[in-house]
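J.: Submitted below is the structure of interest, expressed as structure tokens.
Number of protein chains: 2
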Amino acid sequence: MESRTAVTCCRPLLAGRLTIAESQAIAPVFRVLGEPARLQILSAIAAQPAQEVRACELVESLGLAQPTVSYHLKLMFEAGLLAKERRGTAIYYRLVQEQLAALRAVLG
Amino acid sequence: MESRTAVTCCRPLLAGRLTIAESQAIAPVFRVLGEPARLQILSAIAAQPAQEVRACELVESLGLAQPTVSYHLKLMFEAGLLAKERRGTAIYYRLVQEQLAALRAVLG
DNA sequence: TATCAATATTGATGATCGTCGATAAACTCA
DNA sequence: TGAGTTTATCGACGATCATCAATATTGATA
Numbered sequence: 213m214e215s216r217t218a219v220t221c222c223r224p225l226l227a228g229r230l231t232i233a234e235s236q237a238i239a240p241v242f243r244v245l246g247e248p249a250r251l252q253i254l255s256a257i258a259a260q261p262a263q264e265v266r267a268c269e270l271v272e273s274l275g276l277a278q279p280t281v282s283y284h285l286k287l288m289f290e291a292g293l294l295a296k297e298r299r300g301t302a303i304y305y306r307l308v309q310e311q312l313a314a315l316r317a318v319l320g
Numbered sequence: 213m214e215s216r217t218a219v220t221c222c223r224p225l226l227a228g229r230l231t232i233a234e235s236q237a238i239a240p241v242f243r244v245l246g247e248p249a250r251l252q253i254l255s256a257i258a259a260q261p262a263q264e265v266r267a268c269e270l271v272e273s274l275g276l277a278q279p280t281v282s283y284h285l286k287l288m289f290e291a292g293l294l295a296k297e298r299r300g301t302a303i304y305y306r307l308v309q310e311q312l313a314a315l316r317a318v319l320g
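Heads up: the sequence lines are chains A and B, in that order. Note that the first sequence covers residues 213 to 320 in our numbering. Note that the second sequence covers residues 213 to 320 in our numbering.
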């Protein structure tokens with residue numbers, strides 16, 4: 213389950229001037245990365261052997277309230293950085309590598 | 213003239229769990245990228261033949277007030293994304309490619 | 001020194017953000 | 001169906017942010 217289309221649409225930042233529309237499409241994704249708790253969530257997922265994590269595990273390991281974690285997960289999902297899948301009671305989140313690669317491309 | 217040491221210090225996001233200190237060091241740099249006007253400034257600099265731009269040129273081309281542009285430039289300078297140099301009356305800003313490369317590395 | 005041009009800072013504003021408690025919703029299983 | 005578990009949403013709060021007008025600062029030049 214994914215949400216936003218990848219930012220792959222956009223030229224690299226350094227290859228010609230961005231239009232207003234382009235900058236408005238890319239900026240929110242970087243802004244989502246601009247929060248320590250969210251970076252920790254991403255790295256926590258990457259550190260899992262299965263490359264995925266249940267939301268409730270993050271609540272324990274981040275030391276944040278459950279609604280706060282849910283809020284961060286929602287933002288990253290909407291930014292196309294995370295995919296989610298329901299299995300039983302739990303919801304598993306995993307990284308969307310394509311979106312991370314797209315961001316690398318924008319920076320290069 | 214540069215300010216912040218590169219975020220090159222940090223392991224890639226996907227190579228093991230970030231410490232709180234690491235995430236708090238990296239996040240502000242991404243947050244600075246999370247604003248359309250600032251992305252436009254970066255791309256505007258990259259689009260210049262000389263790879264640099266005078267602050268006053270940006271005021272004209274961005275359609276923002278001069279204090280606003282100065283504010284954005286300051287944030288990017290402090291984030292290590294821009295370097296500046298005074299020549300005569302004007303101050304020229306250019307990209308710090310090392311910092312952009314460091315961010316790519318964090319994402320990969 | 002005085003004036004001018006370019007940039008930075010200050011102070012104020014409305015808007016957005018991160019956080020949490022309380023509550024709702026979704027799903028499983030007995 | 002009903003109880004239990006997991007996740008999402010709501011409402012409110014303090015804090016931070018982007019923006020601008022006004023003003024200060026810096027450096028060049030007459």
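Each residue gets a CB set at the ideal place from its N, CA and C atoms; glycine is no exception. Everything numeric in this text was worked out from a predicted model, so none of it was measured.
1) Please return the same chain residues whose Cβ sits closer than 7 Å to the Cβ of A249 of chain B, not counting the five positions on each side in sequence.
2) Could you check where the beta strand (DSSP E) with A295 of chain B kicks off and where it finishes?
3) Pull up the CB-CB distance for R243 of chain B and R243 of chain A, whole angstroms please, since I reckon it's below 8 Å.
4) Just to confirm my understanding: we take L225 of chain A, look at its own chain, exclude 5 residues before and 5 after, and list those with CB closer than 7 Å. What are they?
5) Do the stretch 295-305 of chain B and the stretch 255-267 of chain B make contact, defined as three or more Cβ pairs closer than 8 Å?
6) Would you tell me roughly how many angstroms separate the C-alpha atoms of P269 of chain A and I253 of chain A, rounded to the nearest one?
7) For T231 of chain A, which of B:A239, B:A259, B:Q236, B:P240 has the nearest alpha-carbon?
8) Measuring alpha carbon to alpha carbon, tell me which residue in B:L245, B:A237, B:I238 is nearest A237 of chain A.
9) Could you give the C-beta distance for A291 of chain B and P240 of chain B, rounded to a whole number, given that I count them as a contact under 8 Å?
10) Taking R229 of chain B as the reference, give the member of A:G300, A:R223, A:T301, A:L251 with the closest Cα.
11) In the DSSP assignment, what residue or residues form a beta bridge with V318 of chain A?
12) Does the beta-carbon distance from R306 of chain A to I257 of chain A come in below 8 Å?
13) Does the beta-carbon of Q278 of chain A have 16 or more other beta-carbons within 10 angstroms, so that it is buried, or is it exposed?
14) According to DSSP, simplified to helix, strand and coil, what is L226 of chain B?
15) Roughly how many angstroms separate the alpha carbons of E272 of chain B and A302 of chain A, rounded to a whole number?
T.: Judging by the given coordinates:
1) L274, L276, H284
2) 294-299
3) 6 Å
4) V318, L319
5) yes
6) In the sequence on display, residue 269 of chain A carries Glu and not Pro. Going by the C-alpha atoms only, they are around 10 Å apart.
7) B:A259
8) B:L245
9) 6 Å
10) A:L251
11) Looking at the DSSP assignment, V318 of chain A forms no beta bridge with any residue, so it has no partner.
12) yes
13) exposed
14) coil
15) 52 Å
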